[in-house]
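Novice: Note that full-length UniProt numbering gives residue 320 to position 320 of the sequence shown, counting from 1, and the numbers run on in steps of one.
Every residue, glycine too, gets a C-beta built ideally from N, C-alpha and C.
None of these values were measured; they are calculated from a predicted model.
This is the structure I have questions about; it appears just below.
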Amino acid sequence: MATSRNYDELLWVWKNWRDKVGRSILPLFPKYVELSNKAAQLNGYADTGDSWRSMYEMPTLEQDLEQLFQELQPLYLNLHAYVRRALHRHHGPQRINLEGPIPAHLLGNMWAQTWSNIYDLVVPFPSAPKMDATEAMIKQGWTPRRMFEEANNFFISLGLLPVPPEFWKKSMLEKPTDGREVVCHASAWDFFNGSDFRIKQCTSVSMEDLVVAHHEMGHIQYFMQYKHLPVTFREGANPGFHEAIGDVLALSVSTPKHLHSINLLSSDGGSYEQDINFLMKIALDKIAFIPFSYLVDQWRWRVFDGSITKENYNQEWWSLRLKYQGLCPPVARSQDDFDPGAKFHIPSSVPYIRYFVGFIIQFQFHEALCKAAGHKGPLHQCDIFQSKEAGKRLGDAMKLGYSKPWPEAMKLITGQPNMSASAMMNYFKPLLDWLLTENGRHGEQLGWPQYNWTPDSVRSEASFPGNGRVNFLGLNLEEQQARVGQWVLLFLGVALLVATLGLTQRLFSIRSHSIHRPHRGPQFGSEVELRHS
1 MATSRNYDEL
11 LWVWKNWRDK
21 VGRSILPLFP
31 KYVELSNKAA
41 QLNGYADTGD
51 SWRSMYEMPT
61 LEQDLEQLFQ
71 ELQPLYLNLH
81 AYVRRALHRH
91 HGPQRINLEG
101 PIPAHLLGNM
111 WAQTWSNIYD
121 LVVPFPSAPK
131 MDATEAMIKQ
141 GWTPRRMFEE
151 ANNFFISLGL
161 LPVPPEFWKK
171 SMLEKPTDGR
181 EVVCHASAWD
191 FFNGSDFRIK
201 QCTSVSMEDL
211 VVAHHEMGHI
221 QYFMQYKHLP
231 VTFREGANPG
241 FHEAIGDVLA
251 LSVSTPKHLH
261 SINLLSSDGG
271 SYEQDINFLM
281 KIALDKIAFI
291 PFSYLVDQWR
301 WRVFDGSITK
311 ENYNQEWWSL
321 RLKYQGLCPP
331 VARSQDDFDP
341 GAKFHIPSSV
351 PYIRYFVGFI
361 IQFQFHEALC
371 KAAGHKGPLH
381 QCDIFQSKEA
391 GKRLGDAMKL
401 GYSKPWPEAM
411 KLITGQPNMS
421 ASAMMNYFKP
431 LLDWLLTENG
441 RHGEQLGWPQ
451 YNWTPDSVRS
461 EASFPGNGRV
471 NFLGLNLEEQ
481 QARVGQWVLL
491 FLGVALLVAT
501 LGLTQRLFSI
511 RSHSIHRPHR
521 GPQFGSEVEL
531 RHS
């Protein structure tokens, strides 16, 4: 999904993943909903969604989140329109409608939640110098251990805590080579004894995993900062805080300025073209993710409260994906499909709105920490490396854990208690200005007014096995069409046999009649031809 640019290949993978995973979960999901709601009700909540929302201690949480989403929508709509045109250029008008939703399998990710894997198709200035440090890391002999040491050094430079020696002994930073099967998905672990903190990650030497290493080390730093609290309070101030702490460091690490400072880029960027390319790469991760991170629990909350029933699980899922993301399924879906179940967090019962919150507040944290660090200039160029003042604000908030209402922790970092999308809009303002100009130049239609459009994928789907189609005489046909073709061929074969027998009988009749006539030479020719016809 990340590397292929072949429409048919992507379609086959997309569909078969959902056929194998989603459909197998569907029979079990209603019972899960029933039992999960029962547990929530025994604990005094109306349903599981009510229980999950209670962790934010905000009576107006749903309205506040909707307001945040609406504030960010202009940025998303412009990104969507720009990416849609790039895909139209690559895949053609039959598969991309410039006024319709985007087929969900073309965005470089199984769930179309982030789009950075298609950066090569949408890069604004292809000739500008690249800002990926992977090549330099490999050339300089970086190892996974070195990547985590670099992340540890970043926290130390802020005046925060180094990881204990046990971390290096007990963490799994590379995929084992002894044949063990492991879950490679990166994760951070607190063993709640005040000294044992670990990371599990099958790290590759790449720019992408360097950023992930800093993110995971952010979780470890949070664990260490609140380790003195009673176990009940050893959590983030709200579920989004843990995600935001790791990501706020990644925003600094990703900058050309920081990569240049650790000898991974030859320059610190600075050109307009490099800035726009950099912001586009970040937006394909951050802005593209906003509507997906919002809609997952919009769907689940309505499942838990009964307003979405098992008869319309899939229909309502795609209604939300169309409404918020402007995406459509590349092939027809039915209620026998269960596409939400193909996303890990849904069958695993992991709340998802935390990621929406985390993506919003990480930019608030970044803006506030950059001010504390004395940064001057565009927000996207800020690197808080070595700023003790920024580190103090971060550390003071992390020390609270879950012991205080989250607005108090927010105030320690930002000086005010509310979630706001303004910092995110400020960060991406240069990109939004560029997108407005570029989309205006092409006369782009923002949104997806032709919302009922779907791609002509019947012919594409035919190329692969297991899709309900068969190869018949070199043609890709539906099974029913192929069966009709077989009967037609059988009929023609029988007709040909009857005609052949009739001709044979006629020839022998003529030969038999000729015996009673005067001899006029040998008759072998006709007999030989008959035997070999």
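(1) Let's see if you can read the secondary structure: which residues bound the beta strand (DSSP E) around D190?
(2) Over what stretch of residues does the alpha helix (DSSP H) that includes F359 continue unbroken?
(3) By Cβ distance below 7 Å, which residues in the same chain neighbour E216 in space, the five residues on each side in sequence not counted?
(4) Of the residues P162, Q325, Q381, V182, which one's Cα is nearest the Cα of M224?
(5) Is the beta carbon of E235 closer than 8 Å to that of Y355?
(6) Locate the alpha helix (DSSP H) running through K139, then write down its first and last residues.
(7) Closest to P407 by CA distance: which of G22, D50, Y56, R333 is it?
(8) Could you check whether M147 and L249 sit closer than 8 Å to each other, using their CB atoms as the reference points?
(9) If I follow the unbroken beta strand (DSSP E) through I199, where does it start and stop?
(10) In the DSSP assignment, the alpha helix (DSSP H) including K399 goes from what residue to what residue?
(11) Using alpha carbons as the reference points, say which of D305, P126, T232 lies closest to A40.
(12) Classify F192: buried if its beta carbon has 16 or more other beta carbons within 10 angstroms, exposed otherwise.
(13) Exposed or buried, N37, counting other C-beta atoms within 10 Å across all chains shown (16 or more means buried)?
(14) Quick check on the DSSP output: the alpha helix (DSSP H) that includes K404 runs from which residue to which?
(15) Do three or more CB pairs link the segment 310-327 to the segment 382-401 at distances below 8 Å?
(16) Quick one: grab the DSSP three-state call for I102.
(17) Between which two residues does the alpha helix (DSSP H) harbouring F125 extend?
(18) Pull up the distance between the alpha-carbon of F29 and that of D339, whole angstroms please.
(19) Runs of 4 residues minimum, wholly inside the segment 54-105: which ones carry the alpha helix (DSSP H) assignment?
(20) Tell me, please, which residues DSSP counts as bridged to L327.
(21) Can you list, in chain order, the residues of its chain whose CB lies under 8 Å from that of K170, leaving out five sequence neighbours each side?
(22) Within the same chain, show all residues whose beta-carbon is closer than 7 Å to that of A390, passing over the 5 residues directly before and after it, in chain order.
(23) With a threshold of 8 Å, are at least 3 pairs of Cβ atoms found where one atom belongs to the segment 105-114 and the other to the segment 167-181?
(24) I'd like the list of long-range same chain contacts for K429, defined as Cβ closer than 6 Å, with 5 residues on each side in sequence excluded.
(25) According to DSSP, which residues form a beta bridge with M172?
(26) Assign T48 to buried or exposed, taking buried as 16 or more other Cβ atoms, counted over all protein chains shown, within 10 Å of its Cβ.
(27) Alpha carbon to alpha carbon, what distance is there between V123 and N439?
(28) Counting C-beta neighbours from all protein chains within 10 Å, is the total for H442 16 or more, i.e. buried, or is it exposed?
(29) Take the Cβ of V296 as the centre, count every other Cβ of all protein chains shown within 10 Å, and call the residue buried at 16 or more, exposed below.
(30) Going straight from the alpha carbon of L107 to that of T232, what length do you get?
(31) Residue 534 lies in the alpha helix (DSSP H); which residues open and close that run?
(32) How should K175 be labelled, buried or exposed, when 16 other C-beta atoms within 10 angstroms of its C-beta is the threshold for buried?
(33) Measuring CA to CA, which of P126, M110, P351, K31 is closest to L240?
(34) Between which two residues does the alpha helix (DSSP H) carrying M425 extend?
(35) What does a CB cutoff of less than 7 Å around G474 pick up in its chain, not counting 5 residues either side in sequence?
(36) For the alpha helix (DSSP H) that R234 lies in, which residues bound it at each end?
Specialist: A quick look at the data gives this:
(1) Taken as a continuous stretch (DSSP letters only), the beta strand (DSSP E) holding D190 covers 187-190.
(2) First-last of the alpha helix (DSSP H) with F359: 353-372.
(3) Cβ-Cβ distances below 7 Å link E216 to A186, A188, I199, Q201, G246 in the same chain, with the five nearest sequence neighbours on each side left out; the list follows chain order.
(4) When each option's Cα is compared against that of M224, the closest is P162.
(5) Not in contact: Y355 and E235 (Cβ atoms no closer than 8 Å).
(6) That run of the alpha helix (DSSP H) goes 134-139.
(7) Ranking G22, D50, Y56, R333 by Cα distance to P407 puts Y56 first.
(8) With a cutoff of 8 Å on beta-carbon distance, L249 and M147 are scored as not near each other.
(9) Here the beta strand (DSSP E) through I199 covers 197-200.
(10) Residues 388-399.
(11) That would be D305, whose Cα lies nearest to the Cα of A40.
(12) Counting C-beta atoms within 10 angstroms of its own C-beta, F192 has fewer than 16 neighbours from the protein chains shown and is therefore classed as exposed.
(13) With 16 or more other Cβ atoms within 10 Å, it is buried.
(14) Following the DSSP letters along the chain, one finds K404 in no alpha helix (DSSP H), marked with neither H nor E.
(15) Contact between the segment 310-327 and the segment 382-401 is absent, because fewer than three Cβ pairs lie under 8 Å.
(16) DSSP places I102 in strand when its eight states are reduced to three.
(17) F125 -> no alpha helix (DSSP H), and no H or E assigned at all.
(18) Spanning the alpha carbons of F29 and D339 requires a straight line of approximately 12 Å.
(19) Here the runs fully enclosed are 61-91.
(20) Beta-bridge pairing links L327 to I102.
(21) Setting aside the 5 residues that flank it on each side, K170 is surrounded in the same chain by D196, R198, each with a C-beta closer than 8 Å to its C-beta; the list follows chain order.
(22) The beta carbon of A390 lies closer than 7 Å to those of L158, L369, A372, A373, I384 in the same chain, with the five residues before and after it left out.
(23) The segment 105-114 makes no contact with the segment 167-181, as fewer than three CB pairs between them are under 8 Å.
(24) So the list is empty, once near-sequence residues are dropped.
(25) In DSSP, M172 forms a bridge with K200.
(26) Here T48 is buried: its Cβ has 16 or more other Cβ atoms, across all protein chains shown, within 10 Å.
(27) N439 and V123 have their C-alpha atoms spaced approximately 14 Å apart.
(28) It is exposed - the Cβ of H442 has fewer than 16 other Cβ atoms within 10 Å.
(29) With 16 or more other Cβ atoms within 10 Å, it is buried.
(30) Rounded to whole angstroms, L107 to T232 spans 41 Å at the Cα level.
(31) The shown model of the chain, from 1 to 533, leaves out residue 534, and the question about it has no answer.
(32) By the beta-carbon neighbour count (other beta carbons within 10 angstroms, threshold 16), K175 is exposed.
(33) A small fix is needed here, since residue 240 is Gly in this sequence, not Leu. With distances taken between Cα atoms, G240 lies closest to P351.
(34) Per DSSP, the unbroken alpha helix (DSSP H) holding M425 starts and ends at 422-427.
(35) Unreliable placement is indicated for G474, whose pLDDT of 39 sits below 50; the coordinate value is still reported in the next sentence. Answer for G474: no residue qualifies.
(36) In the DSSP annotation of this structure, R234 is not part of any alpha helix (DSSP H), being labelled neither H nor E.
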